[in-house]
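Counted the way mature numbering (1 follows the signal peptide of the UniProt record, and there is no 0) counts, the sequence shown spans residues -17 to -1, 1 to 518.
Just below is one structure, and these are the notes that go with it.
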Amino acid sequence: MKKLPSAILTLSALVSACGGGGGGSSSPANDPVSTTPVVITTPSNNASLREISGDCRFTQNLGAPRNDNLRISSVSWLQSVQLNSDAPDTRLAGGKAVKMRIDVLASNSPLTPVVRNIRVYDPDTATCTTLPVSAPYRVPGSINTRDLNSAMTADIPANLVKPGMSVALWLDDGAGRSASEADATYRILTPRVAPIIEETVRIIPIRLLGTTGNINSAADIESLLERLYPVSKVNVVSAPTFDVGGLLTGLLSGNGGLLSGTIGQMQNLLDLLDDRCAALNGRQSSARSAPKCIGMLPNNLIFNSSSGSGQVVGLAYVGGTTLLARAVTTVDNLSVSSPYSGNHWINFNAMTLAHEFGHLMDLDHAACGGATGLDPRLYSDGQLGNGAGYDAVRGAYFSSANTDEFADVMSYCGKEWMSDRGYLAAMAYRNGSASIAARTTGESDQWLKISLGATGWKIRRSNFAPSTLAPSDLTVTVSSERGQEALALRSAVVSEHHETESFGPFFINLGDRQVSSLSLSANGVALASFSAEAF
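Pasting the structure below:
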């Protein structure tokens, strides 16, 4: 296979997206949170003890001032990305395990307090679960953002991460400290938590001339997407093989056993795969909640960039249900032991798939490496915004502070990982903000998909349109009980959009019209006509 140019070997060339991103901003305001007041009392018979009561109760010893400036400086949630517990837009994915990063600081590096715990309140059972806090031997005087070694950490299991939860965190020892000093050694946290998100992903192996693209392990793909995205569970299911020999063979160029096609042919394949996905999924209310389909390309098929500078290794509909990616044999590069190594710890084809899946989460591109169709919700430099990432499977924590070696998974450069902004945007999309809910299929919706294939224009009914659509030059003239109407068609946004131009597919919602026929035109030029029987 032709080697990808170095400028492309990031996640790039070739995965892409773009046009206006849908999905809106993260919208945690309606998430239920604990409102239980925190009450501090001192028992009348024991002035050396105080009790802090909220959803969960704990005690701290009181004593003479220690003058060590021991304090909980900051608390962050690690859930694919690092989220500041104090940030107003922070939101956790429900049903997904969380590691807490607890930065405790003090003067003169004292021994770590003996008592350090968290108690997690479960609103469903009105019970509290006590969990241990791991810590270094001594308390540091400053925060080291590069790793977790100097921080305290605690692990909250997935079943306790739910709307309405709260977390009590406290430090203590037998000697106690003054009340004002003790105030700096506890936190009551009431994170906003989104509802549980589960994804069904259909793997569609693509066969060409006896060679089939596939994955080696469904569990590996499930793990990959769960590691990066705000989903609690990915269920990968296998679909029947899609043999494209009769559709593509005569159109492709051959070089030995390797066949190559154009970006237009790749887009036609994506369109056909999307039709196959719709047939497998049956009735669905929206692209957002429908099962997603991943077509795995065989290794004897490549698609060349129209610019001639490399290969297009992935393609997807932004806010749609369908993507194309190269076969994934292994996800993890086990020769890489640290995220700070020169190479990525996840293999290129796996990261390509993860990038394209981001488009199905209605994310556009991050501005790094020449990507086009930029998503304004992501960081303007295409990186992680001085934030940090956490790979729960590899136990790998890494910070992008003071380095440009890490980039957004939706970019074309650096070692890619999800940014906190992308994570929150994908969460908002999958949980459905008000703007997204307005695009969910209603009783009067009557969507049509119109696309240009190798044999001409075709039309089919569709349960929904992709969540992100762009204006097009195409018009459909509809004949119905309302007479004749000229309606504008809107186009799906296809990744690598600067390559694919205005090839569609195109969508129109006929509403409650009883259509007898329709005709398609562009700038006054007739393109195709269809009777109602055609769709």
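Where is the CB? At the ideal position from N, CA and C, for every residue including glycine.
So, with DSSP's three-state summary, where would you put Gly372? Walking along the sequence shown from the start, residue 372 turns up at place 389. Reduced to three states, the DSSP call for Gly372 is strand.
Looking at the structure shown, is Asn506 part of a helix, part of a strand, or coil, going by DSSP? In the sequence shown, the residue the question calls residue 506 occupies position 523. The answer is coil: DSSP assigns Asn506 none of H, G, I, E or B.
Is Ala413 buried or exposed, if buried means 16 or more other CB atoms sit within 10 Å of its CB? Position 430 of the sequence shown, counted from the start, is the residue given in the question as residue 413. In the sequence as displayed, the identity of residue 413 is Arg instead of Ala. So Arg413 ends up on the buried side.
Does the separation of the CB atoms of Thr460 and Ser502 fall below 8 Å? Counted from its first residue, the sequence shown places residue 460 at position 477. Counted from its first residue, the sequence shown places residue 502 at position 519. Against a cut-off of 8 Å, the Cβ pair of Ser502 and Thr460 comes out as a contact.
Along the chain, where does the beta strand (DSSP E) that runs through Ser36 open and close? Counted from its first residue, the sequence shown places residue 36 at position 53. DSSP places Ser36 inside the beta strand (DSSP E), whose first and last residues are Leu32 to Ser36.
Restricting to runs no shorter than 4 residues, where is the alpha helix (DSSP H) found entirely within the region 95 to 155? When DSSP assignments are scanned along the region 95 to 155, no uninterrupted stretch of alpha helix (DSSP H) that is 4 or more residues long falls wholly within it.
CA-CA distance, Ala(-5) and Ile126? Locating residue -5 in the sequence shown gives position 13, counting from the first residue. Locating residue 126 in the sequence shown gives position 143, counting from the first residue. Unreliable positioning characterises Ala(-5) in this predicted model, as indicated by a pLDDT of 30, which lies under 50. The coordinate reading is nonetheless provided below. When rounded, the distance between both Cα atoms is 38 Å.
Give a yes or no on whether the C-beta atoms belonging to Pro123 and Ala137 are separated by under 8 Å. In the sequence shown, residue 123 corresponds to position 140, counting from 1. In the sequence shown, residue 137 corresponds to position 154, counting from 1. For Pro123 and Ala137, no; Cβs fall outside 8 Å.
Which residues in the same chain have their Cβ closer than 8 Å to the Cβ of Ile55, if we skip the five residues on either side of it in sequence? For the purposes of this step, residue 55 is taken as the residue at position 72 of the sequence shown. In its chain, beyond the 5 residues on either side, Ile85, Asp86, Val87, Leu152, Leu154, Ala167, Thr168, Tyr169 and Arg170 have a beta carbon closer than 8 Å to the beta carbon of Ile55.
Would you mind reading off the limits of the beta strand (DSSP E) that contains Tyr169? Looking up residue 169 in the sequence shown gives position 186. Tyr169 to Leu172 is the extent of the beta strand (DSSP E) around Tyr169.
Suppose you measure from the CA of Glu339 to the CA of Gly297; what does that come to, to the nearest Å? In the sequence shown, counting from the first residue as 1, residue 339 sits at position 356. In the sequence shown, counting from the first residue as 1, residue 297 sits at position 314. Roughly 7 Å between the two C-alpha positions.
CB contact flag (Leu242, Asn283, <8 Å): Start at 1 with the first residue of the sequence shown, and residue 242 comes out as number 259. Start at 1 with the first residue of the sequence shown, and residue 283 comes out as number 300. For the 8 Å CB-CB criterion, Leu242 and Asn283 form a contact.
Say whether the region 35 to 44 touches the region 102 to 119, bearing in mind that this needs 3 or more beta-carbon pairs closer than 8 Å, one atom from each stretch. With the cut-off at 8 Å, the region 35 to 44 and the region 102 to 119 touch.
What does Lys441 pair with, by DSSP beta-bridge criteria? Against the sequence shown, residue 441 aligns to sequence position 458. For Lys441, DSSP records a beta bridge to Ser434.
Using the rule of at least 16 other Cβ atoms within 10 Å of the residue's Cβ for burial, across every protein chain shown, is Thr483 buried or exposed? On the sequence shown, residue 483 is found 500 positions in, with the first residue counted as 1. Annotation note: pLDDT 48 at Thr483 (below 50); position unreliable, coordinate value reported separately. That one is buried.
Less than 8 Å between the beta carbons of Thr128 and Ala384, yes or no? As a position in the sequence shown, residue 128 is number 145, starting the count at 1. As a position in the sequence shown, residue 384 is number 401, starting the count at 1. Yes, they are a contact pair.
Please report how far the alpha carbon of Ala505 lies from the alpha carbon of Leu472, in whole angstroms. As a working note, residue 505 is residue 522 in the sequence shown. As a working note, residue 472 is residue 489 in the sequence shown. Distance between the alpha carbons of Ala505 and Leu472 is about 10 Å.
C-alpha distance - Val144 paired with Gly193, whole-angstrom precision: Translated into positions along the sequence shown, residue 144 becomes position 161. Translated into positions along the sequence shown, residue 193 becomes position 210. So the two alpha carbons sit approximately 47 Å from each other.
Proximal residues to Asn316 (C-beta, below 6 Å), its chain only, five neighbours per side dropped: Counted from its first residue, the sequence shown places residue 316 at position 333. Taken in chain order, the residues that qualify are Trp328 and Asn330.
What is the DSSP secondary structure of Gln429, counted as helix, strand or coil? Taking the sequence shown and counting its residues from 1, the one referred to as residue 429 is at position 446. Of the three classes helix, strand and coil, the one that applies to Gln429 here is coil, per DSSP.
Terminal residues of the beta strand (DSSP E) in which Phe486 lies: Locating residue 486 in the sequence shown gives position 503, counting from the first residue. Neither: Phe486 is in no beta strand (DSSP E) and is coded neither H nor E.
Taking Cβ positions only, does Arg496 come closer than 8 Å to chain D? The structure shown contains no chain D, having only a single protein chain.
What are the boundary residues of the alpha helix (DSSP H) that Tyr412 is part of? Along the sequence shown, one-based indexing puts residue 412 at 429. Residue range Asp403 to Asn414 is occupied by the alpha helix (DSSP H) that includes Tyr412.
Between Thr451 and Gly302, is the Cβ-Cβ spacing less than 8 Å? The residue you call residue 451 lines up with position 468 of the sequence shown. The residue you call residue 302 lines up with position 319 of the sequence shown. Taking the C-beta atoms as reference points, Gly302 is found nearer than 8 Å to Thr451.
Contact between the region 354 to 369 and the region 385 to 403: three or more CB pairs below 8 Å? The region 354 to 369 is in contact with the region 385 to 403.
Closest by C-alpha distance to Ala349, when choosing among Ala408, Asp258 and Ser462: Locating residue 349 in the sequence shown gives position 366, where the first residue counts as 1. For the residues Ala408, Asp258 and Ser462, the minimum Cα distance to Ala349 belongs to Ala408.
Indicate whether the contact test is met: 3 or more Cβ pairs, each with one atom in the region 179 to 192 and one in the region 217 to 224, closer than 8 Å. Segments in contact, yes.
Tell me which same chain residues have a C-beta within less than 8 Å of the C-beta of Ile139, skipping the five on either side of it? For the purposes of this step, residue 139 is identified with residue 156 of the sequence shown, where counting begins at 1. So the list reads Ala80, Val81, Lys82, Met83, Ile101, Val103, Leu114 and Val150, once near-sequence residues are dropped.
For the region 206 to 221 against the region 242 to 255, are there 3 or more C-beta pairs whose distance is under 8 Å? Touching, no.
Quick check: Asn332 and Val311, are their CB atoms within less than 8 Å of each other? Numbered from 1 along the sequence shown, position 349 holds the residue referred to as residue 332. Numbered from 1 along the sequence shown, position 328 holds the residue referred to as residue 311. Contact flag set, yes.
Taking the straight line between their C-alpha atoms, what separation do you get for Asp258 and Phe489? As a working note, residue 258 is residue 275 in the sequence shown. As a working note, residue 489 is residue 506 in the sequence shown. When rounded, the distance between both Cα atoms is 13 Å.
So which of Ala270, Pro71 and Phe381 has the shortest CA-CA distance to Asn13? Taking the sequence shown and counting its residues from 1, the one referred to as residue 13 is at position 30. Considering only alpha carbons, the answer is Pro71.
Quick test of your reading: Pro322 and Val184, contact by CB under 8 Å. State the CB separation rounded to the nearest angstrom. If you number the sequence shown from 1, residue 322 lands on position 339. If you number the sequence shown from 1, residue 184 lands on position 201. So it is not a contact: roughly 25 Å between Cβ atoms.
If we require 3 or more residues per run, which beta strand (DSSP E) segments fall completely within the region 211 to 270? Taking only runs of at least 3 residues, the beta strand (DSSP E) segments lying wholly in the region 211 to 270 are 216 to 221, 236 to 238 and 241 to 244.
Just to confirm, is the Cβ distance from Ser500 to Ser462 under 8 Å? Here residue 500 is taken as the residue at index 517 of the sequence shown, counted from 1. Here residue 462 is taken as the residue at index 479 of the sequence shown, counted from 1. Yes.
If you draw a straight line from the alpha carbon of Phe389 to that of Gln43, how long is it in whole angstroms? The residue you call residue 389 lines up with position 406 of the sequence shown. The residue you call residue 43 lines up with position 60 of the sequence shown. Near 41 Å, if we compare the C-alpha coordinates of Gln43 and Phe389.
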